[in-house]
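Each step along the sequence shown adds one to the number in the numbering used here, with nothing skipped, and position 15 is 15.
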Amino acid sequence: MFKGLKEKLKAFRKKVDESLDESAEAEVRTEVDTEVVEIGKVESKEAREAEETKEGKTISKNKIGLKEKLSALVLEREIIIDEGKLEGILSELEILLLESDVAFDVVEEINSKLKERLIGRRKKIGQRLSSLVVDELKEVIREILDKNRFDFDEFVAEAEKPINVIFVGVNGTGKTTTIAKVAKRLMDAGYSVVIAAGDTFRAGAIEQLEEHANKLGVRLIKHKAGADPAAVIYDAVKHAEAREIDVVLADTAGRMHTKKNLIDQLGKIKRVTKPDLTIFVDESLAGNDAVERARMFNEAVGIDGSILTKLDADPKGGTAISISYVTEKPVLFVGTGQSYSDLVKFDSQWLIERIFEE
Ligand SMILES: Nc1nc2c(ncn2[C@@H]2O[C@H](COP(=O)(O)OP(=O)(O)OP(=O)(O)O)[C@@H](O)[C@H]2O)c(=O)[nH]1
Ligand SMILES: [Mg+2]
């Protein structure tokens, strides 16, 4: 997960510490060296006197004293990070983030937040500049991700039942698989679930969902292929009401955000079945395309949040950083593999740990 991004971050850290830091530290080191020479003079004078009056023990004691003084002196020295120093670092970082699929708007936001946090900051000698920058980067990403927090479990616990959740997105992004994962997760938490086969369009879609339903032991509400998806989901909601089932999870056919008639069909599904949550599903590795599609689905039909799939196969990670900022809607879950248990409740800390772990 995020292998490419991690490698880039590693190279970035190295570059920051090697080149940009060196010149500034060299200046201070020269000053420190001068003072060390001064201390050295005093120390050796003391040592000489000690040697003259007492025995060798005192000399070695004085030598340790010199070392301690030296390290204290270096630690006290600080470098102030000015805008000029930061400019080069931030433009390197900007390229790194753009290459890692972080959306342009988000890169700009990260940049300005980092400037606010770093200009005028004092860096002690010995403290790595890269660590200071990366620590702040983590905090900035956390801030961006936490802006649209949403607790799915809390929502399910508190909402009036049945809860109708529909899953939308373009073709092949993992909607159907994610429905099966969410169904399993809800059942494990003690909720009753029914699934609606709202993809009546793609050949084999109903059978695919039926297979999942059978494996999980969940009731599937289906009509014939080609039927009106709004009618299928409406029936599933009525079924859930009659049987006091907690959650309806409704599949829909994959559709391009640019196909107006198909997007209008989602509008009809929403009017007829009044979902409590409309969840946009896309794959992490689609990068900026996924972010753009999320924005367009949100504008056209309205979404309440996103689920990003296939993080396990995404070397970059920028989609997960960007999608909630751009849509102003939370990421609810991420998919990390093909089995039912590969569904992680989204959490900024989880993502930051995955990106920055070495
Ligand atoms: N590696 C990985 N594969 C996934 C993940 N989620 C889904 N997939 C795979 O992606 C493929 C497509 O998944 P589907 O659930 O059929 O996608 P869909 O969005 O329903 O597709 P359409 O119905 O055709 O629009 C399948 O092979 C899934 O196993 C994930 O988190 N990680
Ligand atoms: Mg599907």
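Even for Gly, the Cβ is constructed at its ideal location relative to N, Cα and C.
Within 10 angstroms of its Cβ, does Thr252 collect 16 or more other Cβ (buried), or is it exposed?
-> buried
Measuring from the CB of Asp151, is there a heavy atom of ligand 1 at a distance below 7 Å?
-> no
Look up Asp276 in the DSSP assignment and say whether it is helix, strand or coil.
-> coil
Taking the Cβ atom as the reference point for each residue, do Leu311 and Gly335 lie within a distance shorter than 8 Å?
-> yes
Would you kindly work out how many angstroms separate the C-alpha atoms of Glu94 and Gly217, rounded to a whole number?
-> 48 Å
7 Å Cβ shell around Thr278 - same chain, five flanking residues per side excluded | Ile166, Val168, Lys270, Val301, Gly302, Ile303 and Asp304
Apart from the five residues on each side of it in sequence, which residues of its chain come closer than 6 Å, Cβ to Cβ, to Tyr234?
-> Val272 and Thr273
From Glu207, Arg202 and Val182, residue whose alpha carbon lies closest to that of Val194 | Val182
So Thr319 packs on Asn298, CB below 8 Å; how close in whole Å?
-> That belief does not hold up - the Cβ atoms of Thr319 and Asn298 are roughly 15 Å apart, past 8 Å.
Specify the secondary structure class of Ser131 as computed by DSSP and reduced to three states.
-> helix
Heavy atom of ligand 1 less than 7 Å from the Cβ of Arg176, yes or no?
-> The question names Arg, but residue 176 in the sequence shown is Thr. Because some heavy atom of ligand 1 lies under 7 Å away, the Cβ of Thr176 counts as near it: yes.
How about Gly226 and Phe2: are their beta carbons less than 8 Å apart?
-> no
Local Cβ density within 10 Å of Glu348, reported as buried at 16 or more and exposed below that | Inspection of the sequence shows that residue 348 is occupied by Ser rather than by Glu. Classification of Ser348: buried, given that the 10 Å Cβ count is 16 or more.
Are the Cβ atoms of Gln208 and Thr176 separated by less than 8 Å?
-> yes
Along the chain, which unbroken stretches of the alpha helix (DSSP H) at least 4 residues long are found entirely within the region 205-229?
-> 205-216
Simplified DSSP assignment, three categories, for Ser306 | strand
Under 8 Å Cβ to Cβ from Val138, same chain only, skipping five residues before and after it: list those, please.
-> In the sequence as displayed, the identity of residue 138 is Lys instead of Val. Excluding positions up to five away in sequence, the list reads Ile352 and Phe356.
Distance between beta carbons of Leu118 and Glu136, contact taken as under 8 Å = 6 Å
Can you tell which of Ile81, Gly88, Glu78 and Ile79 has its C-alpha closest to the C-alpha of Lys15?
-> Gly88
Can the beta-carbon of Ile263 be found closer than 8 Å to that of Val291?
-> no
Cβ-based neighbour list, Ser192, same chain, cut-off 7 Å, excluding 5 preceding and 5 following = Ile245 and Asp246
What span of residues does the beta strand (DSSP E) with Ile195 cover, start to end?
-> Val193 to Ala196
Contact belief for Gly120 with Ile80 at Cβ below 8 Å, rounded distance in angstroms | 7 Å
By Cβ distance, which residues of its chain are closer than 7 Å to Asn148, with the 5 residues on each side in sequence left out?
-> Ser324, Glu328, Lys329 and Pro330
Beta-carbon gap between Leu343 and Arg185 smaller than 8 Å = yes
Rounded straight-line distance, which links the Cα of Val134 to that of Asp21 = The predicted position of Asp21 is uncertain, since its pLDDT is 49 and thus under 50; a value taken from the coordinates is nonetheless stated next. Computed Cα separation, rounded: 14 Å.
For Gly335, write down the residues that DSSP places opposite it in a beta bridge.
-> Leu343
CB-CB length for Val232 against Gly198, believed under 8 Å | 5 Å
Use the C-beta contact count for Glu283: other C-beta atoms within 10 angstroms, 16 or more gives buried, fewer gives exposed.
-> buried
Hey, Ala230 and Asn164: beta-carbon distance below 8 Å or not?
-> no
State the Cα-Cα distance for the pair Ala189 and Glu358, rounded to the nearest angstrom.
-> 33 Å
Whole-angstrom Cβ separation of Ala159 and Asp289, contact assumed at under 8 Å?
-> The pair is not a contact, with the Cβ atoms about 32 Å apart (cut-off 8 Å).
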